[in-house]
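Undergrad:
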Amino acid sequence: MKEMLTATRMATVLACPRKHYWRYEVGLHAVTDGMALRFGTAWHATMEGRWQGLAPEDALLAAVKDQTFDEITVATLVGLLGAYYARYADAEVVKELHAEVEFRLPLAGSRTFDAAGKIDGLGVLQDGRLALVEHKTCGTDIASDSDYWLRLRFNQQVYQYVLAARALGWDVQLAIYDVTRKPAIRQKQGETASEFGDRLAADAKERPEFYFARREVPILDQDLAEFEVQRLALSKQILFFRAAARSARRPEHGWPRNCGEMTCKCCEFERFCMANVSVDVGNPPAGFRVGAANPELAGM
Ligand code: SF4
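Going by this note's numbering, the first residue of the sequence shown is number -13, and it counts up by one from there.
1) State the Cα-Cα distance for the pair glutamine 175 and threonine 166, rounded to the nearest angstrom.
2) Whole angstroms are fine: how far does the CA of arginine 172 sit from the CA of isoleucine 293?
3) Does ligand 1 have even one heavy atom less than 8 Å from the beta-carbon of asparagine 141?
4) So aspartate 133 is in the alpha helix (DSSP H); what residue range does that whole segment cover?
5) With DSSP collapsed to three states, give me the class of leucine 154.
6) Could you check where the beta strand (DSSP E) with isoleucine 105 kicks off and where it finishes?
7) Where does methionine -10 sit, in a helix, a strand or coil, going by DSSP?
8) By alpha-carbon positions, which one of Ala(-3), Leu(-9), Ala(-7), Glu11 ends up nearest to valine 265?
9) Can you list, in chain order, the stretches of the beta strand (DSSP E) that have 3 or more residues and sit fully within the region 193 to 218?
10) Could you tell me if the beta carbon of phenylalanine 255 falls within a distance shorter than 8 Å of some heavy atom in ligand 1?
11) If you reduce the DSSP assignment to three classes, tell me which class tryptophan 92 lands in.
12) Is it right to say phenylalanine 255 is buried, meaning 16 or more other beta carbons lie within 10 angstroms of its own, or is it exposed?
Following this line, the structure appears as structure tokens:
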């Protein structure tokens, strides 16, 4: 069976080949995701509920029911969600949404990889057009003239999903980015989590453009064509590093480390990778386990 080449896998090998080695060659995973990652996953789930017409309480419940969160994270979700519902109270963008559409399709030109993933949402807009719906959280400026939107102009994940959607019979012509900025305000001394949630909701309702933005982005054929070239190049890059690992003293040495503040400070492998210690796969470092490379696509 072929391996799966997901958008996250491509982004990982681009950011740091060594990180790709730990995650996708060894299958190393942190036993417990960090709170920031869990917040992003939970927010994503609330958005899925919101776009499918759930009330705020039900969208929140669906997002947190299978995970444990600390008080302040729940308060942050509640505060932001209340403001989000208020912000878009009259804006039903889609009349029909298909959420979490999994795909696994042959990757032309590769004998090793299939293109795979899970599309957040495929929507039929009120005017009948078909769109990819992407919910994103970020910690940077999302004003209409910010660089954030320029970076989204070439988004590998979106192109991977558009190509898959079209192969599945959906003639998607645009992407809708539904972006939420993570709060910059923090809990004050003596303030309860609930009071913080209320203060956050009030702040987000007072200046919604700071926290929330939506934009339609057309899908251009030339960008799709560029992405297909890049995707195949990255698939070959993985095979190149893998071959280098076979003749290296330690296999991870075949996968270059991209040590830098931007890459390492958010990397779950930083603790042992920065010390350049050897990892015994049969006895992973404390806090890690070895498992499937793509657990989110375990059924494929
Ligand atoms: S800690 Fe840095 S060098 Fe090591 S895998 Fe992570 S990003 Fe790469």
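Positions of the beta carbon are idealized from the N, C-alpha and C atoms, including for glycine.
Here the structure is a predicted model, which is why all the values come from computation and not from measurement.
TA: Quick look at the numbers:
1) Position 189 of the sequence shown, counted from the first residue, corresponds to residue 175. Position 180 of the sequence shown, counted from the first residue, corresponds to residue 166. For the pair glutamine 175 and threonine 166, the Cα-to-Cα distance works out to about 26 Å.
2) A question about residue 293 goes unanswered here, because the residues of the chain that appear run from -13 up to 286.
3) Looking up residue 141 in the sequence shown gives position 155. No, the beta carbon of asparagine 141 sits no closer than 8 Å to any heavy atom of ligand 1.
4) For this step, residue 133 is matched to residue 147 along the sequence shown. Counting along the chain, the alpha helix (DSSP H) containing aspartate 133 begins and ends at 133 to 138.
5) As a first step, residue 154 is located in the sequence shown; it is residue number 168 there, counting from the start. In the structure shown, the three-state DSSP call for leucine 154 is coil.
6) As a working note, residue 105 is residue 119 in the sequence shown. Here the beta strand (DSSP E) through isoleucine 105 covers 99 to 111.
7) As a first step, residue -10 must be located in the sequence shown, where it is residue number 4. In this structure, methionine -10 counts as strand in the three-state DSSP scheme.
8) Against the sequence shown, residue 265 aligns to sequence position 279. For the residues Ala(-3), Leu(-9), Ala(-7), Glu11, the minimum Cα distance to valine 265 belongs to Glu11.
9) Runs of the beta strand (DSSP E) spanning 3 or more residues and lying entirely within the region 193 to 218 occur at 198 to 204, in chain order.
10) Within the sequence shown, the letter at position 269 stands for residue 255. True, at least one ligand heavy atom lies under 8 Å from that Cβ.
11) The residue labelled residue 92 in the question sits at position 106 within the sequence shown. Per the sequence shown, residue 92 should be read as proline rather than tryptophan. It is a strand residue.
12) Indexing the sequence shown from 1 puts residue 255 at position 269. Under this definition phenylalanine 255 is a buried residue.
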